[in-house]
Amino acid sequence: MTDVTIIGAGVMGLCAARALLDRGATVTLIDRHGDIGPHACSWWAGGMLAPFCEGETAEEPVVRLGQEAADWWDAQTDAVHRCGTLVVSPARDHTELARFARRTSGHRAVTGTEISTLEPDLGTSFAKGLLFETEAHLAPRRAMADLRQSLLRDGLKTIQDDADPQHYAAHGLTLDCRGYSARDALPNLRGVKGEMLILSCPDVTLNRPVRLLHPRVPIYIVPRGNGIFMLGATMIEGAAGSHVTARALLELLSAAYALNPAFGQAEVIEIGVDNRPAFADNLPRIARDGNLIRLNGLFRHGFLLAPAMARMAAELIFDTKTPEVMHENPA
Amino acid sequence: MRDFYGTQLKNGLMLGTAQYPSPAILASAFAQSEASVATVSLRRESGQNRAGQDFWELIRQLNVHILPNTAGCHSVKEAVTTAHMAREVFDTKWIKLEVIGEEDTLQPDVFGLVEAARILTEDGFQVFPYTTEDLVVAERLLHAGCEVLMPWGAPIGSGLGLNNVFGLRAMRAHFPDTPLVIDAGLGLPSQATQAMELGYDAILLNTAVAKAGDPAAMARAFALALQAGRLGAGADPMEPRDMAAPSTPVIGKAFLE
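Residue numbers (full-length UniProt numbering), protein chains in the order written: chain A, 1 to 331; chain B, 1 to 257.
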């Protein structure tokens, strides 16, 4: 029987716990806050399982490994919706749409008529778009709660403690899944600030995530059901503040308003801000130092890449198979 | 090459650091282009704490001159505050001064620009003002203490190239001793060549490289284009003329009829 301690109960820690329990390990999950909450990056995730769209700027492994995510999450929770992603741009920015199409795969062009059939509440504002039919989205907080419940049923032990991974590694196999909090051990990890809003807007119905391309302020809006939407997200390098700036609010809300003026009536029910943990190439890494395995750098791809990262960590432990994202010395 | 506040640059390529897919790609664009200056835009929310420092550390590791800028500032006060923050963060007197006057074209507010340039110069900064090709404004900037001028080629991020070649040529002729940099609007390497052929000292660009499908290759292309333009301009190019001038002599050719 393999005993594993996982530190960090965000999306990476939970997915790793699932993969290791499935392989017969005894797993203890330690988090300084006990349970998932606003302190965790994954609490503020968009929940888009959109590997092809991410290919616009992300490297190839994100597109390939991310394709495991929708099936994986579907097996854990009923919070997954497989309705694709719709990408649109205002008429004056159609060159942005053409570029997005050139740099991604897995899409087909849709006309204005098709857009109003797919998303009646977008009306006739958009003459062109791209539909990524195989993509999915999920409600992150519900998905994590469901996963946590099923892990507890399957024998996961949890402890609330501000744990030092080194301390646990001295006693047995330990996974460090602390995200940006692990920066002390991973000096090359950087934080990329993200700001997002949760809106209540019962007047609008969307069936799938919609990305609005814009040369200055690209946004996405993800329907959570019951008139709730997640609106995101800024990406700011070198930002320090732990609060949302007025400018970010203005930009995000104006873009939502451009998508559908009915969002002008929305109530802002939550404002989120956090630092996405990322390495210089924005790709995740698994690093091993004896008994201590660190999984980090998931950047804006937590829900998209955590399943593949968890699988690779399990393969490393049980099959001694070196993961493709292995870095002997990520620091 | 003219120097920039006493600093001789190894080449005239100034490259921005925003909008790249990742810092790793940014670093490879710098390596491929051998750019001598990195411009960095600072937001007011940037600061000295740890998360704010991560990205600046990556920029420092590029090992090039750092030219912080006041991108996105709309008032003199905002630009001056941002410049002071930049001096703290990067420990340099250099500041690329941007005071935006119009939201759609992002063209400079030249009145605010002159005012901010005066304040910052008096405060010990070495100002690189982002301006238009207007000669009178340029004169005022020099009076305010600027020793470098950075006229736009076209609106920021537009990729339209050199929109007013006449104006840019006039600027070069009026200020033969001032280092001149084409700042903003370049989209293609050929436009960088043209800037060098006009006798400009440097170009500053960001979007054309960062948003290219292969930023590192585009960065290299701009570096080569710059070299081509400089070599060509220094080789005393021929004058254009209306009449054809055959390169092989006509006289003495055999009659075939």
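Don't be surprised by glycine CBs; every beta carbon is placed ideally from N, CA and C. If you're wondering where the values come from, they're calculated on a predicted model, not measured in any experiment.
Closer than 8 angstroms to chain A by CB, residue i
{"i": "PRO21/B", "result": "yes"}
{"i": "TRP94/B", "result": "no"}
{"i": "PHE90/B", "result": "no"}
{"i": "LEU58/B", "result": "yes"}
{"i": "GLY213/B", "result": "yes"}
{"i": "residue 262/B", "result": "Because residue 262/B is not part of the residues shown, which for chain B are 1 to 257, the question remains open."}
{"i": "ASP236/B", "result": "no"}
{"i": "GLY187/B", "result": "no"}
{"i": "ALA86/B", "result": "no"}
{"i": "PHE125/B", "result": "no"}
{"i": "GLY157/B", "result": "yes"}
{"i": "PHE30/B", "result": "no"}
{"i": "residue 301/B", "result": "Chain B is shown from 1 up to 257; residue 301/B falls before or after that span and cannot be answered."}
{"i": "ASP54/B", "result": "yes"}
Selection from the options that minimises the alpha carbon distance to residue i
{"i": "LEU305/A", "options": "LEU49/A, ASN207/A and ILE317/A", "result": "LEU49/A"}
{"i": "GLU59/A", "options": "PHE279/A, LEU199/A and LEU151/A", "result": "PHE279/A"}
{"i": "LEU298/A", "options": "LEU197/A, ALA139/A, ALA310/A and ASP35/A", "result": "ALA310/A"}
{"i": "ILE159/A", "options": "HIS94/A, ILE30/A, ASP74/A and ASP203/A", "result": "ILE30/A"}
{"i": "SER200/A", "options": "VAL268/A, PHE100/A and SER125/A", "result": "VAL268/A"}
{"i": "GLY13/A", "options": "ARG148/A, GLU315/A, GLY155/A and THR124/A", "result": "ARG148/A"}
{"i": "THR234/A", "options": "PRO223/A, ARG224/A and ALA246/A", "result": "ALA246/A"}
{"i": "ARG288/A", "options": "LEU259/A, LYS321/A, THR28/A and PRO277/A", "result": "LYS321/A"}
{"i": "TYR200/B", "options": "LEU160/B, VAL148/B and LYS211/B", "result": "VAL148/B"}
{"i": "SER181/A", "options": "HIS171/A, GLU237/A, ASN282/A and ASP164/A", "result": "ASP164/A"}
{"i": "GLY272/A", "options": "LEU206/A, LEU197/A and ASP203/A", "result": "LEU197/A"}
{"i": "GLU219/B", "options": "ARG60/B, LYS10/B, GLY6/B and GLN32/B", "result": "For the sequence presented, residue 219/B should be read as Ala rather than Glu. The residue with the shortest Cα to Cα distance from ALA219/B is GLN32/B."}
{"i": "GLU54/A", "options": "CYS83/A, ALA91/A, TRP73/A and TYR220/A", "result": "TYR220/A"}
{"i": "PRO108/B", "options": "VAL137/B, LEU120/B, THR121/B and ASN63/B", "result": "VAL137/B"}
{"i": "PRO155/B", "options": "ILE66/B, TYR130/B and ASP123/B", "result": "TYR130/B"}
{"i": "LEU160/B", "options": "LEU168/B, GLN191/B and ALA173/B", "result": "GLN191/B"}
{"i": "LEU122/A", "options": "VAL204/A, HIS167/A and ILE236/A", "result": "VAL204/A"}
{"i": "HIS137/A", "options": "GLY238/A, ARG224/A and PRO38/A", "result": "ARG224/A"}
{"i": "GLY155/A", "options": "ARG18/A, ARG102/A and ASN188/A", "result": "ARG18/A"}
Beta carbon proximity, residue i to chain B, threshold 8 angstroms
{"i": "ALA280/A", "result": "yes"}
{"i": "PRO284/A", "result": "no"}
{"i": "PRO90/A", "result": "no"}
{"i": "PRO215/A", "result": "yes"}
{"i": "THR57/A", "result": "yes"}
{"i": "ARG153/A", "result": "no"}
{"i": "ARG208/A", "result": "no"}
{"i": "ARG23/A", "result": "no"}
{"i": "GLU237/A", "result": "yes"}
{"i": "GLY191/A", "result": "yes"}
{"i": "ARG64/A", "result": "no"}
Residue environment, residue i, which counts as buried when at least 16 other CB atoms sit within 10 Å
{"i": "ASN296/A", "result": "buried"}
{"i": "ILE251/B", "result": "exposed"}
{"i": "GLU133/B", "result": "buried"}
{"i": "ASN226/A", "result": "exposed"}
{"i": "ASN275/A", "result": "buried"}
{"i": "PHE128/B", "result": "buried"}
{"i": "ASP281/A", "result": "buried"}
{"i": "THR117/A", "result": "exposed"}
{"i": "LEU224/B", "result": "exposed"}
{"i": "GLN8/B", "result": "exposed"}
{"i": "GLU98/B", "result": "buried"}
{"i": "ALA91/A", "result": "exposed"}
{"i": "GLN61/B", "result": "exposed"}
Residue i - partner residues in DSSP beta bridges
{"i": "GLY191/A", "result": "PRO277/A"}
{"i": "GLU237/A", "result": "VAL192/A"}
{"i": "ASP289/A", "result": "LEU292/A"}
{"i": "PHE52/A", "result": "Partner(s): none; PHE52/A has no beta bridge."}
{"i": "ASN69/B", "result": "SER41/B and LYS96/B"}
{"i": "SER200/A", "result": "ILE228/A and GLU267/A"}
{"i": "ALA202/B", "result": "VAL181/B"}
{"i": "GLN6/A", "result": "The residue asked about is misnamed: residue 6/A is Ile in this sequence, not Gln. LEU29/A and LEU175/A, per the DSSP bridge assignment."}
{"i": "LYS128/A", "result": "THR111/A"}
{"i": "PHE128/B", "result": "LYS96/B"}
{"i": "MET14/B", "result": "VAL37/B and LEU204/B"}
{"i": "residue 368/A", "result": "Residue 368/A is absent from the structure shown; chain A starts at 1 and stops at 331."}
Closer than 8 angstroms to chain D by CB, residue i
{"i": "PHE175/B", "result": "The chain inventory of the structure shown lacks chain D, comprising the protein chains A and B."}
Assumed close pair residue i, residue j - CB separation to whole angstroms, cut-off 8 angstroms
{"i": "ARG307/A", "j": "ALA69/A", "result": "One point to set straight first is that residue 307/A is Pro, not Arg, in the sequence displayed. So it is a contact: roughly 5 angstroms between Cβ atoms."}
{"i": "HIS65/B", "j": "SER36/B", "result": "6 angstroms"}
{"i": "GLY172/A", "j": "ASN291/A", "result": "6 angstroms"}
{"i": "GLU119/A", "j": "LEU206/A", "result": "6 angstroms"}
{"i": "ARG172/B", "j": "LEU180/B", "result": "6 angstroms"}
{"i": "ALA116/B", "j": "GLY153/B", "result": "The pair is not a contact, with the Cβ atoms about 22 angstroms apart (cut-off 8 angstroms)."}
{"i": "VAL87/A", "j": "GLY129/A", "result": "6 angstroms"}
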